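Everything in the sequence shown is counted per our numbering, starting at 26 for the first residue and increasing by one.
Note that CB positions come from ideal geometry on N, CA and C, so glycine has one too.
All figures in this text were calculated on a predicted structure; none of them were measured in a lab.
What follows is a short report on a single structure.
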Amino acid sequence: MSEVMEEGRTATAADTRHFDVVVVGGGLGGLYALHRLRGLGLSVRVFEAGSGVGGTWFWNRYPGARCDVESMEYSYGFSDPLQQEWHWPERYGTQPEILRYINHVADRFDLRRDIQLNTRVVSAVFDPAAGQWTLGTEQGEMVTARFCVMASGNLSTPRVPDFKGLESFQGKWYHTGLWPHEGVDFSGLRVGVIGTGSSGVQMIPHIAAQADHLTVFQRTANFSLPARNAPLDPEKERRHKQEYEDRRRAALDTPFGIAGHPAPTQGALQVTEAERQSAYERKWAEGGSISFLYSYTDLLVNQEANDTASEFVRQKIRSIVRNPATAEILAPKDHPIGTKRLCLDTNYYETYNRNNVSLVDVKSDPIQEIAATGLRTRDGTFGPFDAIVFATGFDAMTGALREIDVRVEGGPALAEQWEAGPRTYLGLMVSGFPNMFVVTGPGSPSVKTQMILAIEQHTDWIADCLTYMRDHGYERIEASRPAQDAWVEHVNQVADSTLYPLANSWYVGANIPGKPRVFMPYVGGFAGYKRRCDSVAANGYEGFVLSR
Ligand code: NA7
Numbered sequence: 026m027s028e029v030m031e032e033g034r035t036a037t038a039a040d041t042r043h044f045d046v047v048v049v050g051g052g053l054g055g056l057y058a059l060h061r062l063r064g065l066g067l068s069v070r071v072f073e074a075g076s077g078v079g080g081t082w083f084w085n086r087y088p089g090a091r092c093d094v095e096s097m098e099y100s101y102g103f104s105d106p107l108q109q110e111w112h113w114p115e116r117y118g119t120q121p122e123i124l125r126y127i128n129h130v131a132d133r134f135d136l137r138r139d140i141q142l143n144t145r146v147v148s149a150v151f152d153p154a155a156g157q158w159t160l161g162t163e164q165g166e167m168v169t170a171r172f173c174v175m176a177s178g179n180l181s182t183p184r185v186p187d188f189k190g191l192e193s194f195q196g197k198w199y200h201t202g203l204w205p206h207e208g209v210d211f212s213g214l215r216v217g218v219i220g221t222g223s224s225g226v227q228m229i230p231h232i233a234a235q236a237d238h239l240t241v242f243q244r245t246a247n248f249s250l251p252a253r254n255a256p257l258d259p260e261k262e263r264r265h266k267q268e269y270e271d272r273r274r275a276a277l278d279t280p281f282g283i284a285g286h287p288a289p290t291q292g293a294l295q296v297t298e299a300e301r302q303s304a305y306e307r308k309w310a311e312g313g314s315i316s317f318l319y320s321y322t323d324l325l326v327n328q329e330a331n332d333t334a335s336e337f338v339r340q341k342i343r344s345i346v347r348n349p350a351t352a353e354i355l356a357p358k359d360h361p362i363g364t365k366r367l368c369l370d371t372n373y374y375e376t377y378n379r380n381n382v383s384l385v386d387v388k389s390d391p392i393q394e395i396a397a398t399g400l401r402t403r404d405g406t407f408g409p410f411d412a413i414v415f416a417t418g419f420d421a422m423t424g425a426l427r428e429i430d431v432r433v434e435g436g437p438a439l440a441e442q443w444e445a446g447p448r449t450y451l452g453l454m455v456s457g458f459p460n461m462f463v464v465t466g467p468g469s470p471s472v473k474t475q476m477i478l479a480i481e482q483h484t485d486w487i488a489d490c491l492t493y494m495r496d497h498g499y500e501r502i503e504a505s506r507p508a509q510d511a512w513v514e515h516v517n518q519v520a521d522s523t524l525y526p527l528a529n530s531w532y533v534g535a536n537i538p539g540k541p542r543v544f545m546p547y548v549g550g551f552a553g554y555k556r557r558c559d560s561v562a563a564n565g566y567e568g569f570v571l572s573r
């Protein structure tokens, strides 16, 4: 590897424009990549578009924003002192709390000196002769690097639908993923919220509590379970910390990357109706999505089994929401529970019992245009609104990468190569793009797992790979086309053996008009995936082409 690297020198802002590794993105993925790769003695530079670190948790500041994985799990496991010392006040971390944690990590591991904020990478071009990447930023800065690590996030490209007339709206409008840092006071305002995914479901109760009137526009009813958030029980925290290392290790052997949920042993149809109901009731009372989906072995693979869980939640919705017509609109009937991201909420369905909240079904009567004071569907006019909030999601999993002009000199852009859907080997590399790694890319379990664990597993794999290359004198690594084809086929086969493809979700790009319908995350489970990555490495990076 380069001399820079062998000297173990760390780059600073002023002294060089060449690095061993450039990392795109300063969120949870980019920060760990920096820490881990710098630890190998590599010079590393992180470029981050935001004015602070944190990625998803930097941008998504909407009211009620909270993680739906429990805080003791949703945190880095690489440093025991860190996980022992950090105190999470609640069962689920709020956005400000998680951002505080990420900033603490940046300071604690002295990461900031190698992070360049307010810098969006717009191009990454590989020069095969020189064996290096040239990355260009929005400001026109150019840097070169031997390796490029894309940690640009899975839910980092917010999308406001292309509604006619948005520019004519006289009120204020917001997107959940681009929330103003100073916050928004909705007191006394008439507000419209479009979208009822996780962001909408978390935010709607908060806006309803402030606004004069809230109108929610729902295209697809989503299943949501009670989060049962609460202050973290000190005894539970103490025990968890005592067992932290074992729990982190155990998490590697689970499908979702989260320990503490015993694997189910029976199918839903193998037990009586009464047993099923009592199991679902127990999970409903406990709160949390993984535990609910883990009630039986077959909820995500057998429609009839899934129907029992879906109907249980529909009945809960009907029992909470007093207006039967509203309850029916809210009760999802077009997809099996768990095949779209299962939401966790605090008083979401209860919110529709408030006098100042109304629900509009825009599935049968879609939004046609935004007007000066409200919006129009084919059959109606809604408003006036002082504010409209778009909780309309992201160009998930591929958006951030496709927005960068990634190519090998003279060759087609990555976005063109992915026109029919993303293709990767293990979600880690893309054939034809040497020395470019992706952290939690499409084709890896990523969003179907505890993200931070997935980030650490990928980054550790990349770090081991770079060490192997250094030890064996290799300078270039690339995924082979046959290995990539076989992996993509496997990812599809696994998805097709489940109920996931039945839903119009962002997992298949359904929320972005024109995006090819391809199931993007790997749903074969984290444990099996990790074993596969480990065996690929143990076999001398099987399926990758290494060269000098
Ligand atoms: P999601 O889950 O993609 O939700 C977006 C919502 O916006 C969803 O209800 C969409 O309906 C709706 N939407 C999108 N476009 C439109 C239009 N044109 N008209 C009406 N409604 C629309 O994004 P979130 O931010 O809530 O959550 C993203 C992830 O972040 C989440 O899964 C967690 O992992 C954290 P649709 O369902 O597409 O019919």
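#### Entry: Sequence-distant residues of the same chain with beta carbon closer than 6 angstroms to Asp390, five excluded per side
Position 365 of the sequence shown, counted from the first residue, corresponds to residue 390. So the list reads Thr402, Arg403 and Asp404, once near-sequence residues are dropped.
### Task
With DSSP as the reference, label Asp559 as helix, strand or coil.
Counting from one through the sequence shown, the residue named residue 559 turns up at place 534. In this structure, Asp559 counts as helix in the three-state DSSP scheme.
### Query
Once you ignore the five residues that flank Leu571 on each side, which residues in its own chain have a CB closer than 6 angstroms to its CB?
Here residue 571 corresponds to residue number 546 of the sequence shown, with the count starting at 1. Tyr499 and Ile502.
### Query
Val519 to Ala511, Cα distance in whole Å?
Stepping through the sequence shown from its first residue, residue 519 is reached at position 494. Stepping through the sequence shown from its first residue, residue 511 is reached at position 486. Roughly 12 angstroms between the two C-alpha positions.
### Query
How should Asn348 be labelled, buried or exposed, when 16 other C-beta atoms within 10 angstroms of its C-beta is the threshold for buried?
Counted from its first residue, the sequence shown places residue 348 at position 323. Looking at its Cβ environment, which holds fewer than 16 other Cβ atoms inside 10 Å, Asn348 is exposed.
### Query
DSSP on His43, reduced to helix/strand/coil?
Start at 1 with the first residue of the sequence shown, and residue 43 comes out as number 18. In the structure shown, His43 sits in a strand (DSSP, three-state: E or B).
### Query
Under three-state DSSP, which class holds Phe242?
Looking up residue 242 in the sequence shown gives position 217. Strand at Phe242.
### Query
How should Pro259 be labelled, buried or exposed, when 16 other C-beta atoms within 10 angstroms of its C-beta is the threshold for buried?
Within the sequence shown, numbered from 1, the residue matching residue 259 stands at position 234. Exposed.
### Task
Ignore the nearest five residues each way along the sequence and tell me which others in Ser530's own chain have a CB closer than 6 angstroms to its CB.
Within the sequence shown, numbered from 1, the residue matching residue 530 stands at position 505. If we look at Ser530 and ignore the five residues flanking it on each side, its Cβ neighbours are Lys365.
### Opening and closing residue of the alpha helix (DSSP H) in which Pro230 lies
Against the sequence shown, residue 230 aligns to sequence position 205. Its alpha helix (DSSP H) spans residues Ser223 to Gln235.
### Message
Please state the DSSP three-state secondary structure of Pro106.
### Response
Residue mapping note: residue 106 aligns to position 81 of the sequence shown, counting from 1. Note: Pro106 maps to helix in three-state DSSP.
### Task
Check whether the Cβ of Phe551 sits closer than 7 angstroms to any heavy atom of ligand 1, and report yes or no.
The residue you call residue 551 lines up with position 526 of the sequence shown. Answer for Phe551: no, Cβ out of range of ligand 1.
### Task
Throw me the rounded Cβ distance for the Ala58 and Val464 pair, which I believe falls under 8 angstroms.
Walking along the sequence shown from the start, residue 58 turns up at place 33. Walking along the sequence shown from the start, residue 464 turns up at place 439. Sure, about 6 angstroms apart at Cβ, within 8 angstroms.
### Task
Identify, in the order they occur along the chain, each residue of the same chain with its Cβ nearer than 6 angstroms to the Cβ of Ile342, setting aside the five sequence neighbours on each side.
Within the sequence shown, residue 342 is the residue found at index 317, counting from 1. The residues are Ala352, Leu355, Ala356 and Tyr374.
### Query
Can Pro437 and Pro467 be called in contact, C-beta distance under 8 angstroms?
Mapped onto the sequence shown, residue 437 falls at position 412. Mapped onto the sequence shown, residue 467 falls at position 442. Not a contact, by the Cβ cut-off of 8 angstroms.
### Task
Mind checking which residues open and close the beta strand (DSSP E) that includes Gly285?
Residue 285 sits at position 260 when you count from the first residue of the sequence shown. Element bounds for Gly285: n/a, residue is neither H nor E.
### Task
Could you have a look at Gln393 and say whether DSSP puts it in helix, strand or coil?
Taking the first residue of the sequence shown as position 1, residue 393 is located at position 368. Residue state, collapsed to three classes: strand.
### Message
I'd like the list of long-range same chain contacts for Arg253, defined as Cβ closer than 8 angstroms, with 5 residues on each side in sequence excluded.
### Response
Within the sequence shown, numbered from 1, the residue matching residue 253 stands at position 228. The answer, listed in chain order, is Arg116, Ala310, Glu311, Gly312 and Gly313.
### Same chain, Cβ closer than 7 angstroms to Ser27, five either side skipped, listed in chain order
Within the sequence shown, the letter at position 2 stands for residue 27. Note on Ser27: pLDDT 39, under 50, position unreliable in the model; the coordinate value appears next. Taken in chain order, the residues that qualify are Asp45 and Arg171.
### Query
Who does Ala170 pair with in a DSSP beta bridge?
Here residue 170 corresponds to residue number 145 of the sequence shown, with the count starting at 1. Note: Ala170 sits in a beta bridge opposite Phe44 and Trp158.
#### Entry: Cβ separation of Asp105 and Tyr269, assumed to be a contact under 8 angstroms, to the nearest whole Å
Sequence index remark: in the sequence shown, residue 105 carries index 80 (1-based). Sequence index remark: in the sequence shown, residue 269 carries index 244 (1-based). Rounded, the Cβ-Cβ distance is 7 angstroms, consistent with contact.
### Message
If you follow the alpha helix (DSSP H) that Ala438 is in, where does it begin and where does it stop?
### Response
Residue numbering aside, residue 438 sits at position 413 when the sequence shown is read from its first letter. Unbroken run through Ala438: none, as it is neither H nor E.
### Task
Have a look at Gly225, Pro230, Thr423 and Lys266 and flag the residue whose alpha-carbon is nearest the alpha-carbon of Asn247.
Sequence index remark: in the sequence shown, residue 247 carries index 222 (1-based). The candidate whose alpha carbon is nearest that of Asn247 is Gly225.
### Query
Three-state secondary structure (DSSP) at Arg138?
As a position in the sequence shown, residue 138 is number 113, starting the count at 1. Arg138: helix per DSSP, three-state reduction.
### Task
For Ser522, collect the residues of the same chain with a Cβ closer than 8 angstroms to its Cβ; drop the 5 residues on either side in sequence, then sort them by chain order.
Locating residue 522 in the sequence shown gives position 497, where the first residue counts as 1. Val326, listed in sequence order.
### Query
Is DSSP giving Ile429 helix, strand or coil here?
Position 404 of the sequence shown, counting from 1, holds the residue named residue 429. Reduced to three states, the DSSP call for Ile429 is coil.
### Query
Should the region 187 to 199 be called in touch with the region 60 to 67, which here means at least 3 C-beta pairs below 8 angstroms?
no
### Query
Helix, strand or coil: which one does DSSP assign to Ile477?
Within the sequence shown, residue 477 is the residue found at index 452, counting from 1. If DSSP states are grouped into helix, strand and coil, Ile477 belongs with the helices.
### Message
Is any non-hydrogen atom of ligand 1 found closer than 7 angstroms to the C-beta of Ser536, if you look at the structure I gave you?
### Response
Here residue 536 refers to the residue found at position 511 when the sequence shown is read from its first residue. The residue asked about is misnamed: residue 536 is Asn in this sequence, not Ser. Yes, since a heavy atom of ligand 1 falls inside the 7 angstroms radius drawn around the Cβ of Asn536.
### Query
Going by C-alpha distance, which of Leu426, Tyr321 and Ala275 is nearest Gln291?
By 1-based counting over the sequence shown, the position of residue 291 is 266. Answer by Cα proximity: Tyr321.
### Query
Which class does Thr35 belong to by DSSP, given the choice of helix, strand or coil?
Along the sequence shown, one-based indexing puts residue 35 at 10. Low confidence applies to Thr35: its pLDDT is 44, below 50, so where it sits in the model is not reliable, and the reading given next is rough at best. Thr35 falls in the coil class under three-state DSSP.
#### Entry: Distance cut-off 7 angstroms: Asn254 Cβ against heavy atoms of ligand 1
The sequence position of residue 254 within the sequence shown is 229, counting from 1. Checking the Cβ of Asn254 against ligand 1 gives no.
### Message
So that I know if they touch, is there some Cβ in chain C lying closer than 8 angstroms to that of Cys368?
### Response
Structure shown: chain C not included; a single protein chain is present.
### Query
Closest to Ala528 by CA distance: which of Ser100, Thr371 and Arg542 is it?
Residue mapping note: residue 528 aligns to position 503 of the sequence shown, counting from 1. Taking only the C-alpha atoms, the option nearest Ala528 is Arg542.
#### Entry: Nearest-angstrom beta carbon gap, Met228 and Thr201 [assumed within contact, 8 angstroms]
The residue you call residue 201 lines up with position 176 of the sequence shown. The residue you call residue 228 lines up with position 203 of the sequence shown. Between Met228 and Thr201 the Cβ distance is about 6 angstroms, and since that is below 8 angstroms, they are a contact.
### Query
Of all the options Glu73, Tyr493, Asp386 and Gly80, which has the alpha carbon lying nearest to the alpha carbon of Val218?
Mapped onto the sequence shown, residue 218 falls at position 193. Comparing Cα positions, the closest option is Asp386.
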